[in-house]
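In this note's numbering, the protein residues as written are 57 to 250.
Cβ coordinates follow ideal geometry from the N, Cα and C atoms, glycine included.
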């Protein structure tokens, strides 16, 4: 783990710019609206060097069935975005904040849906049995960090959205189709780790 911690700290210390869902779509103008602050946890199990991800419930109104980090909007009770990420991880996957060693944040990511998402990187050190919040999460799974930081595993794909073809990153893993904002955040993380 000391080597993993050092690599993560070195990656987080690098200068970097914000990312967005618009990075691959230069012809699309970013909205001028005020963005809603949000945070996600890139939770890495120290023992197995895996990243915890979720499959969102098919019953959700927004992004049903998609792969995501635990996270969400910053609530008034959250003093910081890190607090928001840890609270959401506790609510969504039952992760006790006391076993997360927060190492830092990546630059924010602007989503097409109007959020400014701050990825919080933390090492999970200690025993933890994931418990999905049934209303939001249908599955919790882990992906090897080595897979996610290898740029060769990323693809650029596209689809029609709001009458235009939009490009986006994907990083497939087994039966999981990781795409959109989650894949773009992971891609930015991979660029720092390699």
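Taking the alpha helix (DSSP H) that residue 236 belongs to, which residues open and close that run? 236 to 249
How long is the line joining the alpha carbons of residue 80 and residue 168, rounded to whole angstroms? 12 Å
Buried versus exposed, by CB contacts within 10 Å (16 or more), residue 111: buried
Cα-Cα separation between residue 201 and residue 226, rounded to whole angstroms: 15 Å
Can you tell me whether residue 75 is buried or exposed, with buried defined as 16 or more other CB within 10 angstroms of its CB? buried
Is the distance from the Cβ of residue 155 to the Cβ of residue 180 below 8 Å? yes
Helix, strand or coil, according to DSSP, for residue 115 in the structure here? coil
Rounded straight-line distance, which links the Cα of residue 122 to that of residue 187: 18 Å
Could you check which residue in 107, 131 and 236 has the C-alpha nearest to that of residue 213? 236
In the DSSP output, which residue or residues are listed as bridge partners for residue 195? 111
Do three or more CB pairs link the stretch 132 to 149 to the stretch 89 to 96 at distances below 8 Å? yes
With DSSP run on the structure shown, which of helix, strand or coil describes residue 94? strand
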